[in-house]
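Counting in my numbering, the sequence shown tops out at residue 202, every number present.
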Amino acid sequence: MRLEIARGISETTGMTMNDIAKTGLIMAALGAGAMALAVPTIAQPQYRQKISNDMRSCAPGAGPAVRVTINGVKSSQGKVRVQSYYGTSSDWLEKGRWLSRIETPARAGSMTVCVPVPSSGTYGIAVRHDMNGNGKTDLSSDGGGMSNNPSINILNMGKPNYRKTAFEVGSGVKSIAITMKYM
Numbered sequence: 020m021r022l023e024i025a026r027g028i029s030e031t032t033g034m035t036m037n038d039i040a041k042t043g044l045i046m047a048a049l050g051a052g053a054m055a056l057a058v059p060t061i062a063q064p065q066y067r068q069k070i071s072n073d074m075r076s077c078a079p080g081a082g083p084a085v086r087v088t089i090n091g092v093k094s095s096q097g098k099v100r101v102q103s104y105y106g107t108s109s110d111w112l113e114k115g116r117w118l119s120r121i122e123t124p125a126r127a128g129s130m131t132v133c134v135p136v137p138s139s140g141t142y143g144i145a146v147r148h149d150m151n152g153n154g155k156t157d158l159s160s161d162g163g164g165m166s167n168n169p170s171i172n173i174l175n176m177g178k179p180n181y182r183k184t185a186f187e188v189g190s191g192v193k194s195i196a197i198t199m200k201y202m
């Protein structure tokens, strides 16, 4: 059948059988290339997403998300910054590797934020209270905390191992509590 089609093309166009074969190979290669372009690629993580505190993302039936209750906020001055990270050694507290950031006015005592996450998986949360709102870490006044409330040595600025702060999020809303620490 294919040979009959090729002969018909040859008689109609004047192409040789060899030319028809080459054209067929070129068309097959072009078709394969087009198919390769049409295959969806694996989504790369989106880092550095600045978002607002939208508690609707933590409503019943929503998710995946993390409802973070921040306890022990020393003052209503300044801002509280909440950042989510993948719970991996290559992402946890690495510069520019945060997934999302919520900055909200501080409220003394306890406050709650909702942090949506891209999918079910392992995450870590870091919180910083920038008391004077200057965007810098002031050891004498600013506070901080992390998921699972690991002990933090503020003097040597060492970050806790990601395994100490990592937690699992399923398809729904995970609730965690972080206790702030100040000098």
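All C-beta atoms, glycine included, are put in the ideal place defined by N, C-alpha and C.
Assign residue i to buried or exposed, taking buried as 16 or more other Cβ atoms, counted over all protein chains shown, within 10 Å of its Cβ.
| i | result |
| --- | --- |
| D157 | exposed |
| T184 | buried |
| M165 | buried |
| M199 | buried |
| P135 | buried |
| R86 | buried |
| R147 | buried |
| Q102 | buried |
| L44 | The predicted model places L44 with a pLDDT of 42, which falls under 50 and marks its position as unreliable; any figure quoted below should be read in that light. With fewer than 16 Cβ atoms within 10 Å of its Cβ, L44 is classed as exposed. |
Cα-Cα, which of the options is closest to residue i?
| i | options | result |
| --- | --- | --- |
| N153 | Q96, V134, S71 | Q96 |
| I197 | K155, I171, S109 | I171 |
Do residue j and residue i have their beta-carbon atoms positioned less than 8 Å apart in this structure?
| i | j | result |
| --- | --- | --- |
| M130 | V188 | no |
| V99 | A127 | no |
| L112 | A145 | yes |
| G143 | G106 | yes |
| R1 | K178 | The first residue shown for the chain is 20 and the last is 202, placing residue 1 beyond what the model contains. |
So, under 8 Å CB-CB, residue i and residue j are touching, yes? Tell me the CB distance rounded to an integer number of Å.
| i | j | result |
| --- | --- | --- |
| S76 | A84 | 5 Å |
Note down, one range per segment and in chain order, each beta strand (DSSP E) of at least 3 residues found wholly within the segment 111-157.
Runs of the beta strand (DSSP E) inside the segment 111-157: 119-124, 128-135, 140-149.
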